[in-house]
Amino acid sequence: MIIRTVTAAGLDGIIVPDKGTANINPVAIKASAGTVFKAPIVRVDTHNAIIN
2 MIIRTVTAAG LDGIIVPDKG TANINPVAIK ASAGTVFKAP IVRVDTHNAI
52 IN
């Protein structure tokens, strides 16, 4: 799971596209073993938003 990997690696957070990715729901929270609350997740609509 990417969320657990990001947390274990000590990265600052996760950037995901707004379209084409699942929402964070109770199933995702359970699969992340609660680590979803330890790293910020930022949704962006375009690649330009990442740069800005």
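Here the numbering used here is used: the first residue of the sequence shown is 2, the next is one more, and so on.
Beta carbons: idealized from backbone N, C-alpha and C, even for Gly.
For clarity, every value in this text was computed on a predicted model and none was experimentally measured.
What is the C-beta distance between residue i and residue j, in whole angstroms, given that I count them as a contact (C-beta under 8 Å)?
i, j, result
"Ala50", "Ile15", "The Cβ separation is near 14 Å, so there is no contact."
In the DSSP assignment, find the unbroken beta strand (DSSP E) run with residue i in it and report its ends.
i, result
"Ile4", "That residue, Ile4, is in no beta strand (DSSP E); its alpha helix (DSSP H) goes 3-10."
CB-CB under 7 Å to residue i, same chain, minus the five flanking residues each way: which ones, in chain order?
i, result
"Val37", "Ile4, Ile25, Ala29, Ile30"
Go through its chain and collect everything with a Cβ distance to residue i's Cβ below 8 Å, but skip five positions before and after it.
i, result
"Leu12", "Ala40"
"Val17", "Ile42, Val43, Arg44, Val45"
In this structure, does DSSP put residue i in helix, strand or coil?
i, result
"Ile16", "strand"
"Ile42", "strand"
"Ile98", "With the chain covering 2 to 53 only, the question about residue 98 has no answer from this structure."
Quick one, which of the options has its alpha-carbon nearest residue i's?
i, options, result
"Ala23", "Ile52, Ile42, Thr47", "Ile42"
"Thr47", "Thr6, Ala34, Gly21", "Gly21"
Looking at the unbroken alpha helix (DSSP H) that takes in residue i, where does it start and where does it end?
i, result
"Ala29", "27-32"
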